[in-house]
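Structure record follows, encoded as structure tokens.
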Amino acid sequence: MAAASKFGFLLRPKWLGFHLLCACAVVGMIFAGMWQLQRLDQRRDANAEFIERIEQAPVPLESLLAEDLDPDAVANRRVTASGTYLPDQVVLFNRSQGGRAVDNVLTPLVIDDGRVLIVNRGAIPVEGQAPSPPAVAVTIEGRLRPSEVRQRGELSDADTEVIAQTRRVDLERLAPQFGGDLVPLYVELVSSEPAAGPADPALLDTPVLGEGNHLSYAFQWFIFSACVAAGWVLAIRRSLRTRAPNP
Numbered sequence: 215m216a217a218a219s220k221f222g223f224l225l226r227p228k229w230l231g232f233h234l235l236c237a238c239a240v241v242g243m244i245f246a247g248m249w250q251l252q253r254l255d256q257r258r259d260a261n262a263e264f265i266e267r268i269e270q271a272p273v274p275l276e277s278l279l280a281e282d283l284d285p286d287a288v289a290n291r292r293v294t295a296s297g298t299y300l301p302d303q304v305v306l307f308n309r310s311q312g313g314r315a316v317d318n319v320l321t322p323l324v325i326d327d328g329r330v331l332i333v334n335r336g337a338i339p340v341e342g343q344a345p346s347p348p349a350v351a352v353t354i355e356g357r358l359r360p361s362e363v364r365q366r367g368e369l370s371d372a373d374t375e376v377i378a379q380t381r382r383v384d385l386e387r388l389a390p391q392f393g394g395d396l397v398p399l400y401v402e403l404v405s406s407e408p409a410a411g412p413a414d415p416a417l418l419d420t421p422v423l424g425e426g427n428h429l430s431y432a433f434q435w436f437i438f439s440a441c442v443a444a445g446w447v448l449a450i451r452r453s454l455r456t457r458a459p460n461p
């Protein structure tokens, strides 16, 4: 009876609401921490898949271009292709390389089977002049990349008939400009024969892989949940002390 009367106040509506609030906060923060750990696992899996693909030997582009091609299934694979560049080029702006803002140069390559492959030839200074592509037949090696689409909240490109600059490599949008049968992926140039000269765009760096802040965020959520639980205990102890009869 003494214990029941001592802790009876904890069953009052005000305290029941406090218990529920603390329990919801603790459970929610634990779930948030677990979600961050799941994101970390996903990032690690994606990094491992990226490394596996770029370490594979390059294969001819045509060998991957099946009718039921899934662009994501071959993204980052190294491929080779031969053909002739078209003179039309598009500047891909708002990019970075080596910690600096740069533009990239997108150039269509008519490959040997007649299809058109968009090649990101590399980086140039912001608002710099895009160097003309080689006028001779070339053989290139590059990393396959899927088409980019505008995400919610991102800016749109200007609605112009001829695209001179773009924020993203949206192949569906670029297809009418370059004509022909456009390959449903583009290539980030790794090497070229004949080799690129000093006036050509600087080849893009291999992407730097990281795990993001998921682990630190998970620890923060777990610490926050522990703090709420500790605060709940301290609040009860403090209330018990204030309710204890004076000796």
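So the mapping is simple: our numbering equals the position in the sequence shown, first residue as 1, plus 214. Glycine included, every Cβ here is placed at the ideal spot set by N, Cα and C. Quick caveat, the model's predicted, so the values are computed rather than measured.
Check, Outcome
"Stretch pair the stretch 301 to 308 + the stretch 278 to 290: three plus CB contacts closer than 8 Å", "no"
"Host alpha helix (DSSP H) of V240 (start-end)", "227 to 268"
"Within 8 Å, strictly: CB atoms of R309 and A337", "yes"
"Environment of F245 [buried if 16+ CB atoms lie within 10 Å]", "exposed"
"Secondary structure of M215, DSSP reduced to three states", "Its pLDDT being 46, under 50, M215 is placed unreliably in this model, and the coordinates cannot settle the point."
"Proximity winner among D414, L418, G342, relative to R357 (alpha-carbon distances)", "L418"
"Residues sharing a beta bridge with Q311, DSSP", "R314"
"Test item: CB-CB of A389 and L399 under 8 Å", "no"
"Counterpart residues of S361 in DSSP-defined beta bridges", "Looking at the DSSP assignment, S361 forms no beta bridge with any residue, so it has no partner."
"Contact check, A350 vs G297, beta carbons under 8 Å", "Checking the sequence, you will find Val at residue 350 rather than Ala. No, the Cβ-Cβ distance between V350 and G297 is not below 8 Å."
"Test: P274 CB closer than 8 Å to a CB of chain C", "Although the question refers to chain C, the structure presented lacks it and comprises just one protein chain."
"Backbone secondary structure at F437 - three-state DSSP", "Contrary to the premise, residue 437 reads as Ile rather than Phe in this sequence. The answer is helix: DSSP assigns I437 an H, G or I state."
"CB of T321 within 8 Å of CB of P339, strictly", "no"
"Where the alpha helix (DSSP H) through E388 begins and ends", "The residue asked about is misnamed: residue 388 is Leu in this sequence, not Glu. Where L388 is concerned, the enclosing alpha helix (DSSP H) stretches over 385 to 392."
"Euclidean distance between Cα positions of A432 and R258", "15 Å"
"Contacting residues, own chain, Cβ-Cβ under 7 Å from M215 (five flanking each side not counted)", "Any reading at M215 must be qualified, since the residue scores a pLDDT of 46, below 50, and its modelled position is unreliable; the value itself is stated next. Excluding residues within five positions, none has a Cβ falling inside 7 Å."
"Helix, strand or coil at E355 [DSSP, three-state]", "strand"
"For T298: DSSP bridge partner residues", "V324"
"Simplified DSSP state of A280, which is helix, strand or coil", "coil"
"Chain-order list of residues whose beta-carbon lies under 7 Å from that of A344 (same chain, five-residue window excluded)", "Q303, V305, V319, I338"
"Residue(s) in a DSSP beta bridge with G336", "V319"
"Beta strand (DSSP E) segment containing P285, residue limits", "That residue, P285, is in no beta strand (DSSP E); its alpha helix (DSSP H) goes 285 to 288."
"Paired residues, beta bridge with R455 - DSSP", "Note: R455 sits in no beta bridge, so no partner."
"Endpoints, the beta strand (DSSP E) within which V397 is located", "396 to 407"
"Close-in-space but distant-in-sequence residues of the same chain around R335 (CB under 6 Å, 5 per side omitted)", "V319, T321, L403, P415"
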